[in-house]
Amino acid sequence: MLIAISLETNNGLDSTVAQHFGRCPYFGFVTTEDKKVQSIEVIDNPYYAGHQVGQVPGYINKQKADAMISGGMGGRAIQFFQEFGLGAYTGASGTVSQTMEKYFAGELNEAAPCNESIEHGHGDHDHDHHH
């Protein structure tokens, strides 16, 4: 799998995870296999200076990522990722290594598509639509 992560610093697996998804200076693309990190590529966020709604999710999707991890992201971004069929995860902090351990352990919050489940925490998860 290829996991995209919003980053504050460019320091490989020790990079600091950014708390804001669209306004981060870097993105890390982590290649994983069998719940292990194989490699990471860190690139400059081409939209760091400013972006239109949907541009960054579109960009992440073009990189063929399977999921996006960030400290937090807005509802619109989450909707775009869901439309692309990418998992969107929030609640990440610390380094890429720490974040990937949490991801593999299922400890990150998977962003919910509907406002209701966002407002009430979890709600029931019987609406798994895979296109």
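The opening residue of the sequence shown carries number 7 in the working numbering; numbering runs sequentially from there.
Backbone N, C-alpha and C fix where the C-beta goes; we use that ideal spot for every residue, glycine too.
Contact annotation: residue 79 and residue 10 have beta-carbon atoms that are not nearer than 7 Å. Closest by C-alpha distance to residue 52, out of 41, 42, 66, is 66. By the Cβ test, the stretch 96-105 is in contact with the stretch 18-33, since at least three Cβ pairs between them sit closer than 8 Å. Residue 27 places its beta carbon 7 Å or farther from that of residue 8. If one requires a minimum length of 4 residues, the alpha helix (DSSP H) runs lying completely within the stretch 8-68 are 61-68, in chain order. Sorting 61, 70, 84 by C-alpha distance to the C-alpha of residue 96 places 84 at the top. With fewer than 16 other Cβ atoms from the protein chains shown falling within 10 Å of its own Cβ, residue 37 counts as exposed. By the CB criterion at 7 Å, residue 32 and residue 48 fall inside the cutoff. For residue 81, the closest alpha carbon among the candidates 112, 63, 30 is that of 63. In this chain, the alpha helix (DSSP H) harbouring residue 105 covers 102-110. The straight-line gap separating the alpha-carbon atoms of residue 106 and residue 61 is approximately 25 Å. Rounded to the nearest angstrom, the gap between the Cα atoms of residue 12 and residue 55 is 15 Å. Secondary structure at residue 116: strand, using DSSP grouped into helix, strand and coil.
Collapsing the DSSP output to three states places residue 98 in coil.
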